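So the sequences go chain by chain: A and B. Using my numbering, you'd call the opening residue of the first sequence number 44 and step up by one each time. Using my numbering, you'd call the opening residue of the second sequence number 2 and step up by one each time. Using N, Cα and C, we set each Cβ at its ideal position, and we do this for glycine too. Keep in mind it's a predicted model, so treat the numbers as computed, not measured. Take a look at the structure set out below.
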Amino acid sequence: MTERRTVMIDGNEATASVAHRINDVCAIYPITPSSNMGEFADEWSAQGKTNIWGVIPDVIEMQSEGGAAAAVHGSLQGGALTTTFTASQGLLLMIPSMYKIAGELTSAVFHVSARTVATHALSIFGDHSDINAVRQTGWALMASGSVQEAHDMACIAQMATLASRIPCLHFFDGFRTSHEVSKIEYLEDDDLRHLMNDDLIQAHRDRAMSPDRPIIRGTSQNPDTFFQAREAINPFYEACAGHVVDAMKTFAKRTGREYKLFDYVGDPEAERVVVIMGSGAEAVHEMVAWLNAKGEKVGLLKVRLYRPFSASDFIGALPKTTKKIAVMDRTKEPGAVGEPLYLDVITALYEARAAGTSTFESEPIVVGGRYGLSSKEFNDTMVKSIFDNLAADQPRNHFTIGIVDDVSHTSLPMDDDFTIAGDDVFRGLFYGLGADGTVGANKNSIKIIGEETDNFAQGYFVYDSKKAGAVTVSHLRFGPDPIRSSYLIRKAKFVACHQWVFIEKLDMLGFAEEGGTFLVNSPFGPDEIWDHFPREVQQDILDKKLKVYCIDATEVARETGMGRRTNTIMQTCFFAISGILPRDEAIEKIKNAIKKTYGAKGDEIAQLNFNAVDGTLANLHEVKVGDTVSATVGRPPTVSEAAPDLVKRVTAVMMEGKGDLLPVSAFPPDGTWPTATTQWEKRNIAIDIPVWDEELCIQCNKCVLVCPHAAIRAKVYEPSALEGAPETFKSVDYKAKDFAGSKYSLQVAPEDCTGCQICARVCPAKDKSNPKHKALDMTLQMPLREQERENYAFFLDLPEVDRTKVKIDVKGSQFFQPLFEYSGACEGCGETPYVKLLTQLFGDRLLVGNATGCSSIYGGNLPTTPYARDENGRGPAWNNSLFEDAAEFSLGFRLAVDQTTASARRLLKELASEIGDDLVDEILLADQLSEEGITDQRERVETLRKKLEAIDTPEAKTLTDIADYLVRKTVWAVGGDGWAYDIGYGGLDHTLGIGRDVNLLVLDTGVYSNTGGQASKATPLGATAKFAMGGKETPSKDLGMMSMAYGHVYVASVAFGAKDSQTVRAFLEAESYPGPSIIIAYSHCIAHGYNLADGLDHQKAAVDCGAWPLYRFDPRRTAMGENPLKLDSRAPKISFDEYALSETRFRMLMKTNPERSKRLLEEAQRVVRAKYDMYQQLANLHYGSDADADTN
Amino acid sequence: MDLKTTYLGFELSNPIVSGSCPLGASLDTIKHLEDAGAAAVVLPSLFEEEIMGAVQAQMEMESAGAGFAEASSYIPNPDGYHVGPDKYLDHIRAAKEAVSIPIIASLNGTTPGGWTGYAKKMEDAGADALELNTYFIATDAEETGADVEKRTLDIVTAVKETVSIPVAVKLSPFFSSLANLAKQLREKGADGLVIFNRFYQPDVDIEELDILPNLRLSTADELRLRLRWLAIISAQSELSLAATGGAHNAVDVIKATMAGAHSVQMVSALLIHGPEHITRTLEAIDFWLTEHEYESLRQMQGSMNMAKVPDPAKLTRANYMKMLDSWQQ
């Protein structure tokens, strides 16, 4: 018998580890939460790991999921065992190919971490809406409910599809299973070899297309034959369930783990039964055991094979005693009679009854319920509620569980205090920051417990909706029995606060159970910490009789060279306090885990962590808890009193992490939200903020331009506006002539700044007596917070600049109010300064269609969103449709705007005699290419409205409604390179080609940043990225050159860190150009691998080495007989190496494969040089009359 | 003429060693140096900052951006990727394969810490010996001279615990009691001393209001300081001694040898004149020794140290007094 290892891995790894070993080809594309499966496969193949037949699987990244599915289809037709990994919209893009694959009876497995399909909003989290969107394709659908099941079912699905020829989609719940770390028994290579049937594999290969035995597939058929031919497939579907059963039996024989098509759990004479699939089944399983132990008769039917749905097996699996069934669907199909699994059950029971084959003592009542959309919690109290509902004489049907539905009143009641969490399971909650490494350490902790003790263990991690200053909560459970609690911890024996700032922000002890332990990383020692706890914390500690421990982990980390990473220190405290293992043994295990994690990266990293572990225990103290609540200060309110009602009622609750409590009525039904809400979320995540020396400042406004979060701003204003200024508010005479006699202020938003330092880095003004001191110095935020909060409030109330009087260059543009502020983008983000600039220049008449990606996440992820409004209530109107369609979506905006404008103009002409010809002519002929022109037109429209009030006709009423469209609108599609170069390229190209006035802003980081840095076609030659572990072999696509080839497209390549003036100019030109425009904007990114405070230097180096030439191609110049291309950067003055080797993405390959790195870098140098030369030659071509003159 | 000498336990064909400098960074140059007669080559220094900087950067990068649900990391984690200057180790290996003279690796840092682990890696990569450069400028008014000495002693202790190859310590002249420090270093296991380190001489950029790091080549004047301390230490210590800083020609090498040096490192002269300068210098030494009827280089080694010079006081204060007298006359 094969010796099997027990491992602690997550669902994605558990699945990919099987898929990679039993396939020849993987065609992949990143999408949360499945990206990791592709990453694992790519990584393993790059490491030379083979499948069970000794071949390294070919892992290839495609341009979209549609492309991946097509490549899979082709590869299958070529006879290779082929798979892919996806979710959500990705799966939807695969549908056309899925029909083909199934229609051709092709053995294949897709592995899907099931995720919500975007509707009123996008959600990256888990439910079965994607799975249910493909149930008509003819694929078998097979569900896993846990990490072990995902591992096993990945194998069973492959066994079954090879036998049945019905392709199989294996799915498990996104995040809940894909990201849960759990203890599983590992299928070894020998197991897989045993379970894969070589004859069936050969049969699959024999069906392949080959010119040696030619066949034709993909014919087109006509009304005479299509129908019959389609029905010819039926016997295969009839036989499919049997093949799956066989596969499950063979699997059980080998591994001892038994699965059935429908697994029944519970009392054999149960009267109430829940039918469910996926991870929710685990929570129900746990409750069934608990209820039956209390003498009830309940059961659970876990659906394993959802399609083809075997009605007879389904009925056969239910106890004959079943009286009531609740069918739980993790999806919503509005307008349907019921959700799909419910309908299946109803149909199966009806048909059995009709056929006289029903075996029930009495026909069961069936009710359906929805649960768990977008990973909504599905926990013990909810499951209890479902069984309670079934106990009623007339159970509620079409109910929801887990929410409070006060609109349609579908929700079942829940007892929030009810829990079955027992003492046999340890439950710990750990609050940390992304940056302090808490999650990584907790993954190690749970691995230690799972792999080094007899305990079963589970780790689940809740992440933030913001990238900067992201908060993480780790939920760790372990105990002697398998853990089926597929939900978050609500009663923790151990609560750890890894950052002192959380004390006043988060209600952590609400989750602590009586007699539990609270560990705090605190700058205050054991004798003084009590007095620094807010009232609520003291109260909880006393009420719940908590033991409290503290350590100044931040200081220990600093002393031991760990920087911000307090993770191993807090981990050591956890082991020391909890006593799971003897202290010495725990420390040894922690060190082993550190060695495992970091050893390969260099002994020094491991050694630093060892030092931190060793330095911990001497600094860990038990706190003497006070006798009474002595604190006078409570937790501050989440949002200011000045916030709008919706923000206070809804947004603030989400910000507190209590969004689950909001009822249905709190929400807009169509996904429409007010903008400008980030201003109410004071995150206070900066350690240091810039402090302005007004005397030293040269008022260049560069700091304002580069700030990724609009957290430093400049205003120029009349001196009289200073009346009532706070004492510490800084103001100085404005230095230039344009606003002579005015005052100037530069002000930081202290609670919105992320402390990224970029403003201080770009500041050119040094103190001549003390050059270390610049006009902006980074200084500790905490002591300045109150003072600068007041100053910033005063600053915001200062009048905005008169837009018509500003010369729009770098400096002038930065007096314009940013209408994109305090986003959740990374500290030092290289994309957001462009987005902010866009809103400063055109925000009051801007429509944005945003491709999914970083920019849609920091642009539109609740609770708060950054697009804002000006004092007139105008601002960007923003929408994210899909990843792939931003260009076409935006083109749609243009079409609608143009149509409405045309209507307005037509009505204007029709009503000219009543309005007055002069005004009508002025409006129709207005030049709206300048701020002045726009302002004048707005005034004319106001005059028009007044005149229309006097005209009582339907036409006048219509014109009043649409008169604003007489003011020019600007339409922008915004997205990253994943969109522009890959998945959205077809639509982007079409939008450019069609010639309408749409502007495309490509925030080019050279990788899929949002999903974790996977390679795109913009990834530079020689750079390492996920999915390009061996270094990118080909140069990045020259999107600019391709766009210029049209001739009628405005094209600009910009990098604000290299030449901000050119950036501002390009935005103005693109917007004013009355045709399609594309700006390709170099954006430094965390995925490049350097401190983002240095981002501007890297941009400059990219330009200086020629890798990123700056240019503007303006078709208007062609019309004037000039060369349309202006090259704005000089010939390369540094080597490509000098640029590249300062970034980890390039340096990495030098370490892993120096020879290849050398070759690729040399090739990159050649390509970069050639590219610049080509641009230079193009820019020097003679055009039009010049050319004629030369040739004559 | 027998120019052989023993340094750090190695019998060298002659006393001239190519000191730690960019010349040692190129394999071709190392071969060239050997051909020209260099008895050993000290490689350029691997700096603590280089090692720990990479480590800190890697740790920062691993957690940068973490905590967001869609990506647990933003940088791939390929097999075999590790931080740290492994190129240096590869260079040691390559140098060892390319030449037969001893290759001395150089490690430069100021605090005991993880970086000292690189000493072991250097040994494993084939380095014959280690030169430990504890380059440190004491700028903290709270730090005492004893504290500064302790740093060096701690580093030596840490390194000697991990390696078995000889370790020479390259010192700066700015210690209160060099002879005592030499003694303590010997007690901690140091095998040799390299005297002296030359500090960077930063310059001021008056346009950018910044400091420009700068290192000028040595001049022959700088040898004097070395001669004195070689003479003092060699008289009372068993440590292998190397002179570095200011040895430009045959006379300089002879002086240093007489003062007690077991080897003499050349840098500036080689950077100016190229590796062939060693050949010419060796010829000149040979000529001088023959002319002066020496039997071997060893015959004069340490002949002018403090124990052997006719008037040891001339090496210390008397020299100073006399010099002043000469000015007064």
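| Using a C-beta to C-beta distance shorter than 9 Å, which residues of chain B count as neighbours of A/R219? | At a beta-carbon threshold of 9 Å, none of the residues of chain B lie near A/R219; the nearest stands roughly 12 Å away.
| Once you ignore the five residues that flank A/D1233 on each side, which residues in its own chain have a CB closer than 6 Å to its CB? | Confidence at A/D1233 is low in this model, with a pLDDT of 44, below 50, so the placement of that residue is unreliable and no value is reported for it.
| query | Which one or two residues does DSSP pair with A/D776 in a beta bridge? | reply | Partner(s): A/K786.
| message | Applying the 10 Å Cβ sphere with the 16-neighbour rule, what's the burial state of B/E144? | response | Classification for B/E144: exposed.
| task | Give the residues of chain B in contact with A/Y506, contact being defined as C-beta atoms less than 7 Å apart. | result | Within chain B, the residues near A/Y506 are G68, F69 and A70.
| Chain-ordered residues of the stretch 869-888 of chain A with a beta carbon less than 8 Å from chain B | For the stretch 869-888 of chain A, which is checked against every Cβ of chain B, the residues closer than 8 Å are C869.
| query | In the DSSP assignment, what are the bridge partners of A/Q614? | reply | Beta-bridge pairing by DSSP links A/Q614 to no other residue.
| Contact list for A/A478 against chain B, beta-carbon separation under 9 Å | Residues of chain B passing the Cβ test: E61, S64, A65, G66, A67 and G68.
| request: State the DSSP-derived secondary structure class of A/R1209, mapped to helix, strand or coil. | output: Residue state, collapsed to three classes: helix.
| field | Sub-8 Å separation of A/F838 and A/K786 beta-carbons | value | For A/F838 and A/K786, no; Cβs fall outside 8 Å.
| Given A/A1183 as reference, the closest of A/T1067, A/K854 and A/H171 once Cα atoms are compared | Proximity to A/A1183 across A/T1067, A/K854 and A/H171 peaks at A/T1067, based on C-alpha coordinates.
| request: Flag this pair as yes or no: are the beta carbons of A/M320 and A/Y302 separated by less than 8 Å? | output: Contact annotation: A/M320 and A/Y302 have beta-carbon atoms that are not nearer than 8 Å.
| Comparing the C-beta of A/N1053 with each C-beta of chain B, is any distance below 8 Å? | Yes, its Cβ sits closer than 8 Å to a Cβ of chain B.
| query | In chain order, what residues of the stretch 684-695 of chain A put their CB closer than 7 Å to some CB of chain B? | reply | Of all residues in the stretch 684-695 of chain A, none has a Cβ within less than 7 Å of some Cβ in chain B.
| said: Using CA atoms only, rank isn't needed, just tell me which of A/D387, A/D356, A/V666 and A/C69 is closest to A/S565. | reply: For A/S565, the nearest C-alpha among the options comes from A/V666.
| task | Tell me whether B/P59 sits in a helix, a strand or coil according to DSSP, three-state version. | result | With the sequence shown as reference, residue 59 of chain B is identified as Gln, and Pro is not the correct amino acid for it. Helix.
| said: Considering Cα atoms alone, identify which of A/T611, A/F561 and A/E1112 is closest to A/Y592. | reply: For the residues A/T611, A/F561 and A/E1112, the minimum Cα distance to A/Y592 belongs to A/F561.
| request: Kindly indicate which three-state DSSP category B/I76 falls into: helix, strand or coil? | output: When secondary structure is reduced to three states using DSSP, B/I76 falls in the coil class, being assigned neither helix nor strand.
| Taking B/A26 as the reference, which of B/L228, B/Y82 and B/I104 has the closest Cα? | For B/A26, the closest of B/L228, B/Y82 and B/I104 by C-alpha to C-alpha distance is B/I104.
| What three-state label does DSSP hand B/V149 in the structure shown? | Helix, per DSSP.
| Spatial neighbours of B/E124 in its chain, beta-carbon cut-off 6 Å, leaving aside the 5 residues before and after | Sequence-distant Cβ neighbours of B/E124 in its own chain, meaning closer than 6 Å and more than five residues away, are V164 and I166.
| So with Cβ pairs under 8 Å, would you call B/Q330 a contact of chain A? | The predicted model places B/Q330 with a pLDDT of 46, which falls under 50 and marks its position as unreliable, so this point remains unresolved.
| message | According to DSSP, is A/H575 part of a helix, a strand, or is it coil? | response | In the structure shown, A/H575 sits in a helix (DSSP, three-state: H, G or I).
| Can A/G1029 be considered in contact with the ligand ADP, in the sense that its beta carbon sits closer than 7 Å to one or more heavy atoms? | Inclusion of the ligand ADP in the displayed structure is not the case, the ligand content being empty and no account of it being possible.
| request: Note the first and the last residue of the continuous alpha helix (DSSP H) segment covering A/P383. | output: Taken as a continuous stretch (DSSP letters only), the alpha helix (DSSP H) holding A/P383 covers P383 to A398.
| Apart from the five residues on each side of it in sequence, which residues of its chain come closer than 7 Å, Cβ to Cβ, to A/K340? | The residues are D310, E312, A313 and E314.
| Residues bridged to A/Q201 by DSSP? | Its beta-bridge partners do not exist; DSSP assigns none.
| query | Under the three-state reduction of DSSP, which class applies to A/A1230: helix, strand or coil? | reply | Caution applies to A/A1230, whose pLDDT of 48 falls short of 50 and renders its modelled position unreliable; the value that the coordinates give is listed next. DSSP, reduced to helix, strand and coil, places A/A1230 within a helical segment of the structure shown.
| message | Does chain B have any CB closer than 8 Å to the CB of A/R1160? | response | So, not an interface residue.
| field | Cβ contact check for the stretch 865-885 of chain A and the stretch 899-916 of chain A: 3 or more pairs under 8 Å | value | By the C-beta criterion, the stretch 865-885 of chain A is judged to be in contact with the stretch 899-916 of chain A, since at least 3 inter-stretch pairs fall below 8 Å.
| said: Residues of chain B with CB closer than 9 Å to the CB of A/G415, please, in chain order. | reply: In chain order: nothing, as chain B lies at least about 17 Å away.
| request: Can you pull the chain B residues whose beta carbon is under 8 Å from the beta carbon of A/T1195, in chain order? | output: Going along chain B in sequence order, the residues near A/T1195 (Cβ under 8 Å) are P79, D80, G81 and Y82.
| message | Taking the alpha carbon of A/E985 as the reference point, which residue from A/D1004, A/S973, A/T453 and A/F128 has its own alpha carbon closest? | response | Ranking the options by Cα distance to A/E985, first place goes to A/D1004.
| said: Counting only Cβ pairs nearer than 7 Å, list the residues of chain B close to A/M1072. | reply: Per Cβ cutoff of 7 Å: P77 and P79.
| query | Cα separation between A/K1000 and A/R948? | reply | Our two residues, A/K1000 and A/R948, have alpha carbons roughly 14 Å apart in a direct line.
| query | Relative to the alpha-carbon of A/P769, which residue among A/A1113, A/Q790, A/A200 and A/Y393 has its alpha-carbon at the smallest distance? | reply | Nearest of A/A1113, A/Q790, A/A200 and A/Y393 to A/P769, Cα basis: A/Q790.
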